[in-house]
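Quick note on the working numbering: the sequence shown kicks off at 26 and runs consecutively. Using N, Cα and C, we set each Cβ at its ideal position, and we do this for glycine too. In what follows, a structure is listed as structure tokens, so that the remarks can point back to it.
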Amino acid sequence: MTTGGILWFPDLSAPDPYGLLPMAMAGLLCYTWIPKTAAGRAAMFNLSNKESSSLETSGWRWRLRRSAFVASLLLPMAAMNLPSGMFVYWVSSATFGHINAALVERYMPLDKHQAPAQQKEVPPKV
């Protein structure tokens with residue numbers, strides 16, 4: 026571990042001297058939490074001007090998601106003194122996970138499903 030580093034971090038058992046690996050991890054975590062649709066991003070960051078939108082813009086769901094987004098920025102920075110090897114593992118694992126998800130989404134997309142038809146209520150026979 027002490028001789029396995031590359032580029033700017035020669036020692037994997039020592040913290041990253043420039044803090045680039047924790048910043049990369051923070052960026053990947055933020056990318057994970059940002060919604061992929063424009064409507065989702067507008068709802069998460071309160072960018073929508075409409076009083077009512079197709080997505081619920083208030084409530085615990087979006088507050089929790091915003092909190093996780095802020096935590097994804099702060100936690101890697103709070104862990105800057107961890108060994109570089111941990112960040113190399115986390116960054117490479119997250120990167121390959123995102124690449125895998127993008128490839129699966131592109132080459133094996135889910136079928137667009139429609140909401141099931143609502144059944145008409147039949148009045149009871151008298």
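Buried or exposed: where does residue i fall if 16 or more other Cβ atoms within 10 Å of its Cβ makes it buried?
i, result
"F112", "buried"
"L135", "exposed"
"M102", "exposed"
Assign residue i to one of three DSSP states: helix, strand, or coil.
i, result
"M111", "helix"
"N130", "In the sequence as presented, Asn is not what sits at residue 130; that position holds Glu. Three-state result, E130: helix."
"G52", "helix"
"T62", "coil"
"L105", "Note that residue 105 is Met in the sequence shown here, rather than Leu. DSSP places M105 in coil when its eight states are reduced to three."
"H123", "helix"
Once you ignore the five residues that flank residue i on each side, which residues in its own chain have a CB closer than 6 Å to its CB?
i, result
"R66", "P60"
task: State whether the stretch 100-109 contacts the stretch 36-56, with contact taken as three or more CB pairs (one from each stretch) at a distance under 8 Å.
output: yes
query: Taking one C-beta from the stretch 55-73 and one from the stretch 90-101 each time, how about it: are there three or more such pairs within less than 8 Å?
result: Touching, yes, given that three or more Cβ pairs across the two stretches are closer than 8 Å.
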